[in-house]
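Residue numbers (the working numbering): 64 to 467. Cβ atoms here follow ideal geometry from the backbone N, Cα and C, with glycine treated the same way.
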């Protein structure tokens, strides 16, 4: 870990909060040793729960999305850039970079790439987190036929934007080795660092040893991968579980559930947004992550494991986490396999406690916030100190979508 104190401008398309947990935990830890200023959009009611040098939130103008959409229509930017376009934020980022105050600009997520400085001379880190182009390519097959072309278009545009960012940024950060490999396919000369997702081990603590026969699925339900998984769970997996365990209940907890997911079903509660996700996980007998497609690392899996709640998950939800089936997680791919595993864990509390304890130990070893932040700090040091011809050749920045 670097011992040099850096001045960092952290640009994000969303506020670090209990929902945007990765930036919140990393910034709070990094700000103990570095000067960190955060520039971000004001989105929804969540406060920016982060202790940094300064946190400036910018409200979007009602005209921003319309102006940005006009530019995206004739450019190679993905549509999701529109969701983070802001003239005011663009102005503040430019002004901050020109001030000469910062050693590094940290740009988080593909949505914020429109604010990526060009020839400012300040090293830039692109915190991709996940390979978004791959996510949309995988998602297309699981969408209604009328929408598949749109997801494929978004994948192609995201790939072009990610490739440009990989060339411009001094270092690119992702959350998993799987995503690092995907990014290298886009640009094999990129400098890529893997920073694991941190978990708040004090907030997500183990609960009672004896728990009711409740299965919980967590995650933001407006996110397409979670919505697809939740519907599959309700329609294909849960009826099989109820046939064996009619006393079992399923709770789907996550922000903004909609559409078919809200239809009443026996033994299922769609809770929507909950005040304390850790409390929900601590009281469940099993957590299920039935994702049909995924990239990156799933916080829903890590947080349940941190609560010593046994997790039943599909292979893509586990990703490249080094988890052993039967010791730290239970893995099944088909609806029948998931239902069988859920039924087994519900009927064998000792197995659930053993797998849950193994999961907690894994998260403690591999996803402590201090360790993840130390890895990020090493990437910061390499970005600031290392020579980069790529940065010298960068021209014009990536500001096209920002509504000005």
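Run the CB neighbour count on residue 193, radius 10 Å, all protein chains shown included, and call it buried at 16 or more, exposed below. buried
What does a CB cutoff of less than 7 Å around residue 293 pick up in its chain, not counting 5 residues either side in sequence? 280, 284, 315, 324
Here's the rule I'm using: 16 or more other beta-carbon atoms within 10 Å means buried, otherwise exposed. How should residue 210 be labelled? exposed
Compare the C-alpha of residue 303 against each of 417, 205, 448, 399 and name the closest. 399
Does residue 237 come out as helix, strand or coil in the three-state DSSP assignment? strand
If we call anything under 8 Å between Cβ atoms a contact, is residue 226 one with residue 198? no
Assumed close pair residue 375, residue 351 - CB separation to whole angstroms, cut-off 8 Å: 5 Å
Assuming residue 202 and residue 214 are in contact, meaning their beta carbons sit under 8 Å apart, how far apart are those beta carbons, in whole angstroms? 5 Å
From which residue to which residue does the beta strand (DSSP E) around residue 72 run? 70–75
Just mark residue 387 as buried or exposed, buried being the case when its beta carbon has 16 or more other beta carbons within 10 Å. exposed
Could you tell me the distance, in whole angstroms, from the CA atom of residue 334 to the CA atom of residue 235? 37 Å
For residue 362 and residue 75, what's the separation of their Cα atoms in angstroms? 19 Å
Kindly indicate which residue of 336, 349, 326 has the alpha-carbon position closest to the one of residue 313. Of the candidates 336, 349, 326, the one whose C-alpha sits nearest the C-alpha of residue 313 is 349.
Just checking my contact of residue 85 with residue 260 at CB under 8 Å: how many whole Å lie between their CB atoms? 6 Å
Identify, in the order they occur along the chain, each residue of the same chain with its Cβ nearer than 7 Å to the Cβ of residue 406, setting aside the five sequence neighbours on each side. 304, 307, 308
Can you give me the Cβ contacts of residue 345 inside the same chain, cut-off strictly under 6 Å, excluding the 5 residues immediately before and after it? Apart from sequence neighbours up to five positions away, the residues of its chain that approach residue 345 with a beta-carbon distance below 6 Å are 270, 370, ordered along the chain.
Assign residue 282 to one of two classes, buried (16 or more other C-beta atoms within 10 Å of its C-beta) or exposed (fewer than that). Burial is judged here by how many other beta carbons sit within 10 angstroms of a residue's own beta carbon; residue 282 has at least 16 and is buried.
With C-beta atoms as the reference, is residue 401 less than 8 Å away from residue 337? no
Counting along the chain, where does the alpha helix (DSSP H) carrying residue 199 start and finish? 195–203
Which residue spans inside the segment 296–341 form an unbroken alpha helix (DSSP H) run of at least 4? 301–307
With a 10 Å radius around its C-beta and 16 neighbouring C-beta atoms as the bar for buried, classify residue 289 as buried or exposed. buried
Pairwise C-alpha distance: residue 258 and residue 264: 17 Å
Taking Cβ to Cβ, would you say residue 101 is nearer than 8 Å to residue 90? Judged by their CB atoms, residue 101 and residue 90 are nearer to each other than the 8 Å cut-off.
Could you give the C-beta distance for residue 396 and residue 372, rounded to a whole number, given that I count them as a contact under 8 Å? Incorrect: roughly 21 Å between the Cβ atoms, too far for contact.
Relative to the C-alpha of residue 434, which residue among 175, 190, 262 is closest? 262
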